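Asker:
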Amino acid sequence: MNNNIIECSDVSIYYGPTQAIRNVDITFPKSSVTAFIGPSGCGKSTFLRSLNRMNDLIPNTRVTGEILLDKEDIYSDAIKVDQLRKKVGMVFQKPNPFYKSIYDNIAFAPKYYGKKKKELDEIVESSLRKAALWDEVKDRLHKSAYALSGGQQQRLCIARAIALKPDILLLDEPTASLDPLSTQKIENLVVELKQEYTIIIVTHNLHQAARISDSTAFFYMGNLIEHTETKKMFTKPSQKKTEDYITGRFG
Amino acid sequence: MSKQKWENTLGRTLTLICAAILLITAISITYFIGSKGLATFFKNDVSIGEFLTGTQWNPDGEPGKFGAFPFIFGSFVVTFLAVAIAAPLSIGAAIYMTEIKPRFGKKVLKPVIELLVGIPSVVYGFIGLSVLVPFIRNTFDDTMGFSILAGGIVLSVMIIPTITSLAADALEAVPQDLRNASLALGATRWQTIWRVVLRTALPGILTAMVLGMSRAFGEALAVQMVIGNTTALPTSILDPTNTLTSGITANMGNTIAGTVANNALWSMSLLLLIMSFVFILLIRLIGKKKVM
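From first to last, the protein sequence lines are chains Z and B.
Numbering follows the numbering used here, in which position 244 of the first sequence is assigned residue number 280; successive positions increment by one, without gaps.
Numbering follows the numbering used here, in which position 146 of the second sequence is assigned residue number 808; successive positions increment by one, without gaps.
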C-alpha cells in the first residue's frame with residue numbers, strides 16, 4: 037500500500053531566469069520526519085516553501101512539475117491556497133508570534149474558521165500541551181506572547197501551527213536562532229509530534245538531522261543529490277558528494 | 663589647544679547655541695501667550711467659567727460678553743468632522759499603497775500625496791470658497807453654503823496627506839515575518855491585512871490621526887474662508903459657525919493691544935496652545951502603549 041502523503045515529480049522552481057530547484061523527485065511517507073540538509077543557497081528552503089506555496093509571495097516565481105498532496109496537485113487551479121496552507125502548516129526560522137496574547141496567537145486561525153469560544157479554549161489547551169508549553173504558560177494565557185523567551189516563542193509558533201490540525205508541518209530551520217536547551221526541547225517535540233503529523237524540517241545542523249529524522253534529503257545547487265534513510269545517509273551514503281558534505285569536506 | 667580639540671569645542675558650542683535658541687524661543691512664546699491670555703481673567707476680571715462655557719461673544723459691548731464656547735465648540739466639531747472624513751480614506755489609501763500595490767503606491771500615489779501637502783492653505787480655502795460653498799448652497803435648502811460641512815471637507819482634504827503618509831509608514835514598519843506567519847496559517851490576504859497588519863500598526867495609525875487632528879485644529883486661513891464666521895451656536899452641520907483660529911484671524915485687526923478685547927483673543931490663543939500640548943501628550947501616550 038502506498039503510504040506517501042506528498043509525491044513530487046520533476047519539480048523545478050525558477051526565480052525569474054534563475055533556476056533554484058532542478059527536476060526533483062521525492063516522496064514523503066505519512067507520520068515520518070524528513071530532514072533537508074545542504075549548504076546555504078542549495079535550494080532546500082525554496083523547495084520546502086513550494087510545498088505550501090509560500091513561494092507564491094515572491095514575484096516572478098515559477099514552479100513546474102507536479103506536487104501531489106493526497107493525490108491532488110497543489111498547483112492546480114482547483115486548489116485554494118488558504119485551504120492548502122491550513123493542511124500544510126509552517127514554522128519559520130525566527131519565532132514570529134503576533135503582537136497578541138498567547139491565547140489569541142493560537143486562537144487566531146481557528147477563530148476565522150468559525151470555532152466558538154468553548155472549542156477555542158480546548159484547542160488552545162491541547163495545542164499548547166502538544167507543543168510542551170502548557171505548563172509554562174497556563175497562568176498567563178492572556179499576557180503578551182512577546183513576554184516569552186525565544187525558545188518558548190518558537191514552541192508557541194509550533195502550537196499555533198498545529199492548532200489547525202494540519203496533516204503536514206514544515207519547519208524551516210526552527211532552531212537556528214535558539215540556544216542549545218531550547219533547541220533540545222524543540223527536537224524532542226518534533227519526535228513526539230511525528231505520531232500525528234508528517235514533518236519536514238530544513239536544518240543546517242547535521243547532528244540535528246541525524247538525531248530526529250527518519251529520512252534525510254541532501255540538496256546541492258538545486259539538485260536533490262540523495263534521499264535515503266537517515267541512518268544510512270550518515271553511515272554509508274551512496275553519493276560521493278553526500279559523503280564529502282556530511283564529513284565536513286565542504287559546506 | 664590642538665586643532666582636533668578646538669574643532670570639538672567649536673562644534674559642541676555651535677550646536678549648543680542652536681539648541682538653546684530653540685528652547686528659549688519655545689519658552690518665551692509659551693510665557694508670552696500665557697501672560698497675555700491669562701490677563702483676561704486676572705487683570706480684566708473676566709470669569710474663566712464664562713469664557714469656557716458662555717455663548718455670548720461681544721467684547722466691545724457694555725458690559726462686554728466673553729463667552730468663547732461657540733468658537734471652542736466650532737473648532738472641535740470641524741476637527742472631528744475632518745478626521746471622520748479623512749481617516750477612512752487615508753487608511754484605505756495607505757493600505758492600498760503599501761499592501762496591495764506597493765510599486766504603484768511608491769511611484770504614483772506617494773508623489774501625488776506629497777504634492778497635496780505642498781499646496782498652500784489659502785489655495786485650499788479659495789477652492790472651498792469657489793466650489794464647495796456654492797455647491798452646498800445649491801444642494802441643500804436654507805443654507806448660505808458657508809458651513810461646518812464646508813470647513814470639515816476643506817480640512818479633511820488638507821489632512822489626508824498627513825494621515826495617509828504616516829499611516830503608510832506605520833503599515834510598512836510591520837515585519838514581513840508577521841504577514842508570512844498569518845498567510846502560512848491559511849489566512850487570506852484580507853484577513854492578514856485586517857487582523858494582523860492593521861492591528862500591529864494601530865499605534866502608528868492612531869498617531870497619524872492625532873497629528874491630522876492637531877493640524878485641523880490649528881488651521882486658520884482655509885477654515886475662515888468657508889466657515890461663515892458667525893458667533894451663534896450651530897444647530898446643524900449646514901450652519902455657519904466659527905472656530906478659535908478663525909475667530910482670532912477675523913478679529914485681531916479690530917482690537918487694540920492691551921484692551922480686554924485684545925486680551926480675550928490671547929486667551930483663545932492660549933487655549934489653542936494648550937490643545938496642541940494635549941495632542942502632543944496624546945501622541946506620546948499612544949507611542950508608549952505597545953500593542954501587546
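Just so you know, even glycine gets a beta-carbon here, dropped at the ideal spot from N, CA and C.
As the structure is a computational prediction, the values presented were derived from the model and not from experiment.
Work out the CA separation of residue 804(B) and residue 914(B) for me, nearest whole Å.
Answerer: Each residue's alpha carbon lies about 31 Å from the other.
Asker: Please report how far the alpha carbon of residue 267(Z) lies from the alpha carbon of residue 187(Z), in whole angstroms.
Answerer: So the alpha carbons of these two residues sit roughly 28 Å apart.
Asker: Let me check understanding here. Comparing Cα to Cα, which of 76(Z), 171(Z), 101(Z) lies closest to residue 23(Z)?
Answerer: The structure shown does not extend to residue 23(Z), since chain Z is modelled only from 37 to 287, so the question has no answer here.
Asker: Could you spell out the range, first to last residue, of the beta strand (DSSP E) harbouring residue 64(Z)?
Answerer: Residues 54–65.
Asker: Under the DSSP definition of a beta bridge, which residues are partnered with residue 71(Z)?
Answerer: Paired residue(s): 237(Z), 252(Z).
Asker: Taking a cut of 9 Å between CB atoms, which residues from the region 69–80 of chain Z lie near chain B?
Answerer: Within the region 69–80 of chain Z, no residue has a Cβ that lies closer than 9 Å to any Cβ of chain B.
Asker: Can you tell me which of the three DSSP states residue 126(Z) falls into?
Answerer: Strand at residue 126(Z).
Asker: Is there a Cβ from chain B that is less than 8 Å from the Cβ of residue 118(Z)?
Answerer: It does; some Cβ of chain B falls within 8 Å.
Asker: Among the candidates 91(Z), 214(Z), 120(Z), 137(Z), whose CA atom is the shortest distance from the CA of residue 131(Z)?
Answerer: Checked all of 91(Z), 214(Z), 120(Z), 137(Z); the closest Cα to residue 131(Z) is 214(Z).
Asker: Does the Cβ of residue 139(Z) have 16 or more other Cβ atoms within 10 Å, making it buried, or fewer, making it exposed?
Answerer: With 16 or more other Cβ atoms within 10 Å, it is buried.
Asker: Taking C-beta pairs closer than 7 Å, name the residues in chain Z that residue 839(B) reaches, listed in chain order.
Answerer: Under the 7 Å cutoff, chain Z gives 128, 130, 132.
Asker: Under a three-way DSSP split, which group does residue 876(B) fall into?
Answerer: DSSP places residue 876(B) in helix when its eight states are reduced to three.
Asker: Between the alpha carbons of residue 37(Z) and residue 122(Z), how many angstroms are there, rounded?
Answerer: Its pLDDT being 44, under 50, residue 37(Z) is placed unreliably by the model, and the measurement read from it follows with that caveat. Those two C-alpha atoms are separated by around 26 Å.
Asker: With residue 85(Z) as the anchor, note down where its alpha helix (DSSP H) starts and where it stops.
Answerer: Segment 80–86, the alpha helix (DSSP H) holding residue 85(Z).
Asker: Just the C-alpha distance for residue 703(B) and residue 693(B), rounded to the nearest angstrom, thanks.
Answerer: For residue 703(B) and residue 693(B), the distance between alpha carbons rounds to 16 Å.
Asker: Sorted by chain position, which residues of the same chain lie with C-beta nearer than 7 Å to residue 168(Z)'s C-beta, five sequence neighbours on each side aside?
Answerer: Closer than 7 Å at the Cβ level, and outside the excluded window around residue 168(Z), lie 191, 221, 225.
Asker: Could you check if residue 171(Z) is buried or exposed, using at least 16 other CB atoms within 10 Å of its CB as the buried criterion?
Answerer: It is exposed - the Cβ of residue 171(Z) has fewer than 16 other Cβ atoms within 10 Å.
Asker: What residues in the region 754–770 of chain B bring their beta carbon closer than 8 Å to a beta carbon of chain Z?
Answerer: If the cut-off is 8 Å between Cβ atoms, the region 754–770 of chain B has nothing near chain Z.
Asker: From residue 944(B) to residue 935(B), what distance separates their C-alpha atoms?
Answerer: Rounded to whole angstroms, residue 944(B) to residue 935(B) spans 14 Å at the Cα level.
Asker: How big is the Cα-Cα spacing for residue 865(B) and residue 842(B)?
Answerer: Their backbone Cα atoms lie some 21 Å apart in a straight line.
Asker: Compute the beta-carbon to beta-carbon distance between residue 65(Z) and residue 256(Z), rounded to the nearest angstrom, for a pair I have assumed lies under 8 Å.
Answerer: So it is not a contact: roughly 23 Å between Cβ atoms.
Asker: Using a Cβ cut-off of 8 Å, pull out every chain B residue sitting near residue 88(Z), in sequence order please.
Answerer: Neighbours of residue 88(Z) on chain B, chain order: 846.
Asker: So, does the CB of residue 151(Z) fall closer than 8 Å to a CB anywhere in chain B?
Answerer: Chain B, which has no Cβ nearer than 8 Å to the Cβ of residue 151(Z), makes this no.
Asker: Does the region 783–798 of chain B come within contact of the region 829–839 of chain B, defined as at least 3 CB pairs closer than 8 Å?
Answerer: Contact fails: fewer than three Cβ-Cβ distances are below 8 Å.
Asker: What are the residues in the region 195–213 of chain Z lying within 8 Å of chain B by C-beta distance?
Answerer: Under the 8 Å Cβ criterion, the region 195–213 of chain Z contributes 196, 197, 200.
Asker: Determine contact between the region 225–243 of chain Z and the region 81–89 of chain Z, defined as no fewer than three beta-carbon pairs at a distance below 8 Å.
Answerer: In short, these stretches touch, since the Cβ pair count reaches three.
Asker: Anything in chain Z within Cβ reach of residue 869(B), meaning under 7 Å, just list it in chain order.
Answerer: The contacting residues do not exist; residue 869(B) stays about 16 Å from chain Z at best.
Asker: What does residue 849(B) touch in chain Z if you count any residue whose Cβ is under 9 Å from its own?
Answerer: Those are 118, 121, 144, 145, 148, listed as they occur along chain Z.
Asker: Would you say residue 51(Z) faces chain B, with C-beta separation under 8 Å as the test?
Answerer: Output row for residue 51(Z): interface = no.
Asker: Report buried or exposed for residue 776(B), applying the criterion of at least 16 other Cβ atoms within 10 angstroms of its Cβ.
Answerer: Exposed, because fewer than 16 other Cβ atoms sit within 10 Å of the Cβ of residue 776(B).
Asker: Locate the beta strand (DSSP E) running through residue 104(Z), then write down its first and last residues.
Answerer: Per DSSP, residue 104(Z) belongs to the beta strand (DSSP E) from 97–105.
Asker: Helix, strand or coil: how does DSSP classify residue 243(Z) here?
Answerer: Three-state DSSP puts residue 243(Z) in a helix.
Asker: Reducing DSSP to helix, strand and coil, say where residue 261(Z) ends up.
Answerer: Correct three-state label for residue 261(Z): strand.
Asker: Which same chain residues end up closer than 6 Å to residue 718(B) when comparing Cβ atoms and leaving out the 5 residues on each side of it in sequence?
Answerer: Contacts found: 727, 729.
Asker: Please name the residue, chosen from 755(B), 701(B), 682(B), 847(B), that lies closest to residue 298(Z) on a Cα-to-Cα basis.
Answerer: Summary: the structure shown does not reach residue 298(Z), with chain Z confined to residues 37 through 287, and so no result is reported for it.
Asker: Keeping to the same chain, check which residues put their C-beta closer than 8 Å to that of residue 39(Z); ignore five residues upstream and five downstream.
Answerer: Correct list, in chain order: 65, 66.
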